[in-house]
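What follows is a set of notes on a single structure, which appears directly below.
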Amino acid sequence: MFLQSPPFMFRFLLFLSFSLLLSLPQSSFAAAKNWTPTGHKLVDGDTFWVLDERGAEVKVRLIGINTPESRRTGRTEVEYFGKEASAYVAQLLNGRRIRLEYDVAKYDRYKRTLAYVYLDNGTFLNAHLIQEGYATVATYPPNVKYSDTSPNSSE
Ligand SMILES: *[C@@H]1O[C@H](CO)[C@@H](O)[C@H](O)[C@H]1NC(C)=O
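Each residue of the sequence shown is one higher than the one before, counting from 1 in UniProt numbering.
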């Protein structure tokens with residue numbers, strides 16, 4: 001009966017795709033809406049602190065990209081262009097709200113929140129930093145949702 005009724009099937013598919021359209025953005029952003037970068041606590045171009053909706057500080061690591069190190073730590077040296085990259089990101093995030101989207105793994109082993117970040121004007125920050133030359137592509141499975149959009153995704 002299901003298959004013998006094309007109008008019903010058509011309406012059902014229409015309804016299904018419409019509800020998917022409506023539900024997708026909401027579900028990807030539901031866990032983290034309009035978070036506020038703390039500004040003063042920028043770690044690196046690809047890692048920074050934000051305040052979640054309850055005012056708790058969360059350390060975010062952008063997925064799929066890598067910016068040069070801007071600070072010397074026990075593990076790393078300051079890299080060429082590192083300070084420029086983090087200054088650029090600090091300026092982008094300053095006074096704005098951002099939206100986070102997650103991939104398969106939500107945290108890394110340093111307990112950072114792994115996220116795709118959108119600025120309040122819709123700019124996809126992860127891709128923007130690559131386009132502007134401040135970051136390189138660096139994908140770590142399983143978080144590869146957008147990696148096929150990049151020519152260097154096999155690296
Ligand atoms: C959003 O803001 C960024 C950073 O200021 C800018 O580069 C980009 O062009 C803006 N995008 C739009 C659609 O206004």
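Quick reminder that beta carbons are idealized off the backbone N, C-alpha and C, glycines included.
Source: prediction; values computed, not measured.
Using DSSP with H/G/I as helix, E/B as strand and the rest coil, what is residue i?
| i | result |
| --- | --- |
| Lys59 | strand |
| Tyr116 | strand |
| Lys111 | coil |
| Asn126 | helix |
| Glu84 | helix |
| Val144 | coil |
| Val89 | helix |
| Ala31 | Note that Ala31 scores a pLDDT of 43, beneath 50, so its modelled location is shaky and nothing firm can be said. |
| Asn152 | Bear in mind that a pLDDT of 48 at Asn152, under 50, signals an unreliable position, so the number given afterwards is only what the model happens to contain. Coil at Asn152, not helix or strand. |
Is residue i near ligand 1, judged by its Cβ being under 7 angstroms from some heavy atom?
| i | result |
| --- | --- |
| Asn126 | no |
| Gly95 | no |
| Thr67 | no |
| Leu62 | no |
| Leu129 | no |
| Gly122 | yes |
| Leu42 | no |
| Leu51 | no |
| Leu119 | yes |
| Leu92 | yes |
Is the beta carbon of residue i less than 8 angstroms from the beta carbon of residue j?
| i | j | result |
| --- | --- | --- |
| Phe81 | Pro68 | yes |
| Val58 | Val50 | yes |
| residue 160 | Tyr102 | Lying outside 1 to 155, the shown extent of the chain, residue 160 is not represented and no answer is given. |
| Val104 | Asn143 | yes |
| Trp35 | Arg97 | yes |
Buried or exposed: where does residue i fall if 16 or more other Cβ atoms within 10 Å of its Cβ makes it buried?
| i | result |
| --- | --- |
| Arg54 | exposed |
| Leu24 | Bear in mind that a pLDDT of 45 at Leu24, under 50, signals an unreliable position, so the model cannot answer this. |
| Thr113 | buried |
| Asp46 | buried |
| Ala56 | exposed |
Would you please verify whether the beta carbon of residue i is less than 8 angstroms from any beta carbon of chain C?
| i | result |
| --- | --- |
| Thr73 | You won't find chain C in this structure, because it holds only one protein chain. |
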